[in-house]
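Residue numbers for the sequence shown follow our numbering, beginning at 750 and rising by one.
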Amino acid sequence: MQIVNDPELRAGDTDRDATISELREAYAEGRLLPEEFNERLDRAHEAKTFADLRALTADLPRETAIAPQEPSESAMERRKLRSAWASWLGVGVLVNIIWFATWMGSGPAPYYWPIWVVGPWGGAMVIWTLSSRAERSSDD
């Protein structure tokens, strides 16, 4: 049904048909009893103004509620990967700050021990990312 600012304007056949469609849909969804449906259909056929038509559907929801969809497996996998990469980066920055702070207080550059933290972990992350991409491309 077309939205009109003045409810006292006269409704046309297409407006009545649109209201009847809404009523049929509500009846199919179980929102109206058979007696209510028949009564409202009769009133829709006799409606003269937009106010008459609006009164027939005022207590009905405009749209049916849609249940939220569960994220797909690939979306969950990508989210896990992003989270793991963010953790790797955060720990990598932290250990490098610690290494840099110890270097500033000791003169010459000390042994670069953060490589043993970020290196193997980063290698495992690369393997996980590549295998995850290969699985996604084979699923397509």
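All C-beta atoms, glycine included, are put in the ideal place defined by N, C-alpha and C.
In the DSSP assignment, the residues bridged to Arg-759 are Thr-798.
Comparing C-alpha distances from Asp-764 to each of Arg-789, Ala-775, Leu-802 shows the shortest one belongs to Leu-802. Rounded to whole angstroms, Ala-775 and Leu-790 show a C-alpha spacing of 12 Å. For Glu-819, there is no enclosing alpha helix (DSSP H), since its DSSP letter is neither H nor E. Within the same chain, Cβ atoms closer than 6 Å to the Cβ of Gly-841 are found at Val-867, the five residues on either side in sequence being excluded. Fewer than three pairs of CB atoms, one per stretch, sit closer than 8 Å, so the region 823–838 makes no contact with the region 793–801. Distance from the CA of Ser-823 to the CA of Ile-847, rounded to the nearest whole angstrom, comes to 36 Å.
Within the region 813–873, the complete alpha helix (DSSP H) segments at least 4 residues long are 822–853, listed from N- to C-terminus. Taking 8 Å as the cut-off, the Cβ atoms of Ser-881 and Leu-830 count as close.
Leu-772 and Leu-781 do touch by the CB rule: their CB atoms are close to 7 Å apart, below 8 Å.
When rounded, the separation of the alpha-carbon atoms in Ala-804 and Glu-784 is 17 Å. By the C-beta density criterion, Ala-850 is exposed, having fewer than 16 other C-beta atoms within 10 angstroms.
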